[in-house]
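Take any residue in the sequence shown, count from 1 to its spot, add 686: that is its number in my numbering. For glycine and all other residues, C-beta sits at the position ideal for the given N, C-alpha and C. As the structure is a prediction and not an experimental result, all values here were calculated from the model. Read the structure below first, then the notes.
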Amino acid sequence: MAASFATLHVLFLVWFLPATFSLSFFFFKAESISNVSCYEKDKQALLTLKRGLTDHEHVLSSWSDRKDCCIWDGVLCDKKTGRVSELHLNYSSLGGEISGSLLQLEHLNYLDLSTNDFNCTPIPTFLGSMYSLTYLDLHWANFCGLIPHQLGNLSSLRDLSLGDNSDLYVDNLRWMSGLSAIQYLDLRSSDLHKEVDWLQIMSNIPPSIFNLEKLEYLSLYINKLTEQIPEALGQLKHLTYLDLGYNSFNGPIPSSLGNLSRIRTLFLNQNQLNGTIPKSLGLLSKLETLYIGQNPFTCIIDEGHFRKLSKLKILYMSEAPLSFNVNSNWVPPFQLDYAYMSSTKIGPNFPSWLQSQRSLSFLDMSMSGISGKAPGWFWNWTSNVSVINFSNNHIECDVSDIFLSSTVKVLNIANNSFYGPISTFLCQKKIRKNKLAVLDVSNNLLSGELSPCWKYWQSLIHLNLGSNNLVGRIPYSMGALVNLQSLCLQNNSIYGDMPLSLKKCSNLELIDMGDNHLSIIPLWIGEMTNLKVLRLRSSEFKGYIPQQICQLSSLRVLDLANNSLSGSIPNCLKNISAMALPYSYDRSLSYMSFFYSYVYVSYVENVQLAPKGKEMEYKENLNLVRLIDLSSNNLSGSIPAEISDLSVLRFLNLSRNHLMGMIPEKIGNMKELESIDLSRNHLSGKIPPSMSNLTFLGLLDLSYNNLSGRIPSSTQLQSFDAVKYIGNPQLCGDPLPKNCTIEEQSLNRSPIGSVEDDSKNSSFYIGMGVGFSTGFWAICGALFFNRTWRHAYFRFANEITDWIYVTTMIKMNLLKS
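Structure, rendered in structure tokens:
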């Protein structure tokens, strides 16, 4: 489990601002009503603007020539003069062309076209001639191209927001010298990498021309910036918000940032910053949000780094190799709401300073080197915490000591040394009113039977009890978990059937019951239409693969390997459209996420798969996997030809079965295949020539079958080791040492040639028969029907016989004498 890397500002922009601007739109509609009529020139300019725009949501339906433009939606007029002063057209689904008629709105000081879709058109250059503008917001409106230098003419502009137009770029920033009044500058997601000296250009401009000291808000998030963060940033003493996240800055954090005495929000995460963190940051007494994670720091953090951070609420240090070294009796000056400290070296001792944090709602100390017993105070202390992640440590704790308050939504203690019967935790009366959404206690030492108390856990979305010492049957009461999206019980000693009650868990997307002792695959599995991953490998399943599996159209992973399944492979597998149709955007399996209390919480699924014969853990990339693994069973019959329709399948393993017949002729249509293992079966015939089309193939094993003929020629097929073809005595050609010149003539003869040869042989025998019949009846028929010929023929025959007899006797007497 991990928190979103840019939680605060992404959420603020995506969630809070839309709601605020939507309310403001209607607020300004009401405010615009006044006794002063609209200026006619302004009305005509707005009507011209409307004609150029596309308005699918009819947001501009009130813009009518018969109405006063001061009461139009999104229009605000000066109450004294009637001149249009503000346009609030944000969140209006507008597109099309922005007319130059805006230039006629001579008193317009506020223009908001944000969060629309202008279909990657350039920002109009004429905006740089609207000199009365003090506020210009074009963020998230799908503008593209060069940011026009003409914007530098807007000397009265205080707020400029061009963020989240991902295809905007600059060739230089010298035009910004004209923005002498700028206070709010948002260039998020714009490409600034061509302007290496971006801050030096701004800082070296005389204050009389461009007084950067007025700047309060600066966002250069995802701007492709490199080099070091300039020391000159410390001169911008009015800054309250600075976002340099998700760039490629390197070197140390400049100590001059400690001069930003008004700063409240500082984002430096996701860069290449290294070295030490200056203790001057600990002097920022107004700082509320600090993001320094995802940087390759190699330094120690101590009390001095937090000396005056009394207002700090959000601390993000995750994925930075920092050592958190504070005294055991340290009491921080702050009261955190959110602590992201994953992969920060906090241990080996349990952090006692947490006791002082009474307002904490989000705590992530996963992979932090904490070991030993969890202190007795900890579980009572968590009464206000909503998200707890202590996974991948070495914490010891009796699971019966865990107390969860009704506020806890996420508990991830995977990969530790928690022990004791699972039922003592699940059936506690004091936690029966829990609202837990995520419970991950995998890879611990839990024991006993699965609890029958699941009716108290109906809020669960993700449940992972894998890799423990659990025994017994899956309880019928698990069917009460109707909100469940993932169920992981792998690597335990669970036996028996999968209960029918699980059919009620219709939201399940992932089922992992591998490495257990189960019986048969239930027929109702076909009713789990949301299922994307079904892993039942090594669980002693018997019987047939039910045809109902083909109803799982969303299935991406089907892993039934290493069981005792018999019968044939269902030929309806082609109905699994997620393996047959091109990829489409879908919510990622690996990041099943939800909003809670202004925080984007994500739970990372992990599944053990063996796509190339060796088990690997799949996490973030699980959603990209398309796999069928039916290896090591007792399957018989042929490989269904329909399997070739699974055109986006990436891994196919049917090895170690009793499959017969030929490899499907059209297997080359499965162009995404990276791995095919058909070894140790009874397959016969030739390797299909179409297999040479599989250009992504990284693993191929056809060994120990009855294949024959020449291995098709292709760079891919000849690149594999000969051992991948071994055990097929009649197979020849590279990479095998066996030559194909003789074998190919007898075993690999073209079917077309064979038909031609058969045709020639048939013609020969037919002609011979016709000729014999014709000659026979031509002679014998004449003798039969013509008496003169018949008498002459027999007289001639008698004379010939007498002559032969006399001649023979004379020759014999001569020999005797």
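In this structure, Arg1223 lies away from Leu1204, with their beta-carbon atoms at least 8 angstroms apart. When only Cα atoms are considered, Leu1125 and Ile1314 end up about 28 angstroms apart. Excluding residues up to 5 positions away in sequence, Leu1097, Ile1117, Asn1120 and Leu1122 lie with their Cβ nearer than 7 angstroms to the Cβ of Leu1090 in the same chain.
For Cys1418, the secondary structure class from DSSP, reduced to helix, strand or coil, is strand. For the pair of segments examined, the stretch 1254-1261 was found not to touch the stretch 1209-1218: the number of CB pairs separated by less than 8 angstroms stays below three. Excluding the 5 residues flanking it on each side, Asp1407 has same chain C-beta neighbours closer than 8 angstroms at Pro1421, in chain order. Within 10 angstroms of the beta-carbon of Gly1182 lie fewer than 16 other beta-carbons, which makes it exposed.
Bridge pairing for Gln914: Asn936 [DSSP]. Scanning Leu1364, Pro1375 and Arg1336 for the CA closest to the CA of Lys1357 turns up Arg1336. In this structure, the CA atom of Trp1063 is about 43 angstroms from the CA atom of Gly920.
Looking at the DSSP output, Tyr1105 shares a beta bridge with Asp1084 and Leu1131. Val1085 and Ser847 have their C-alpha atoms spaced approximately 51 angstroms apart.
Beta-bridge pairing by DSSP links Leu780 to Asp741. A check of alpha carbon separations from Ile1397 across Ser971, His744 and Ile1349 identifies Ile1349 as the nearest. A buried status is given to Tyr725, since no fewer than 16 other beta-carbon atoms sit within 10 Å of its beta-carbon.
According to the DSSP assignment, Met1265 belongs to the alpha helix (DSSP H) that extends over Ser1263 to Ala1266. In the pairwise beta carbon analysis, the stretch 757-769 is classified as not touching the stretch 799-813: fewer than three pairs are separated by under 8 angstroms. Counting every other CB atom within 10 Å of its CB across the protein chains shown gives Arg1044 a total below 16, marking it as exposed. Take Ser1318, set aside five residues on each side of it, and the residues of its chain with a beta-carbon closer than 6 angstroms to its own are Ala1247, Asn1248 and Arg1342, in chain order. Around the beta carbon of Phe1382, fewer than 16 other beta carbons lie within 10 angstroms, which makes this residue exposed. When secondary structure is reduced to three states using DSSP, Ala1327 falls in the helix class. Tyr1002 sits in a strand when the DSSP states are folded into three classes. Take the alpha-carbon of His924 and the one of Asn945: they are about 10 angstroms apart.
With a beta-carbon spacing of about 6 angstroms, Ile949 and Leu973 fall inside the 8 angstroms limit used to define contacts.
Contact between the stretch 1291-1305 and the stretch 1327-1334 is not established, with fewer than three Cβ pairs separated by less than 8 angstroms. In the DSSP assignment, no residue is bridged to Arg1342. Counting the other CB atoms within 10 Å of its CB gives His1148 a total of 16 or more, which places it among the buried residues. Assignment of Tyr817 by DSSP, reduced to helix, strand and coil, places it in the coil class. Nearest to Trp1016 by alpha-carbon distance, out of Tyr1026, Ser1394, Arg993 and Glu792, is Arg993.
Here the stretch 1125-1137 makes contact with the stretch 1149-1164; the two share three or more CB pairs at distances below 8 angstroms.
Scanning its chain for C-beta atoms nearer than 6 angstroms, with the 5 sequence neighbours on each side dropped, one finds around Ile915 the residues Phe935 and Pro940, in chain order. Burial is judged here by how many other beta carbons sit within 10 angstroms of a residue's own beta carbon; Tyr817 has fewer than 16 and is exposed. With at least 16 other beta carbons inside 10 angstroms of its own, Thr951 counts as buried. Following the DSSP letters along the chain, one finds Thr951 inside the beta strand (DSSP E) bounded by residues Thr951 to Phe953. Taking all protein chains in view, the Cβ of Asp857 is surrounded by fewer than 16 other Cβ atoms within 10 Å, so the residue is classified as exposed. By a beta-carbon distance limit of 8 angstroms, Ser1376 does not contact Lys1410. Their separation comes to about 18 angstroms.
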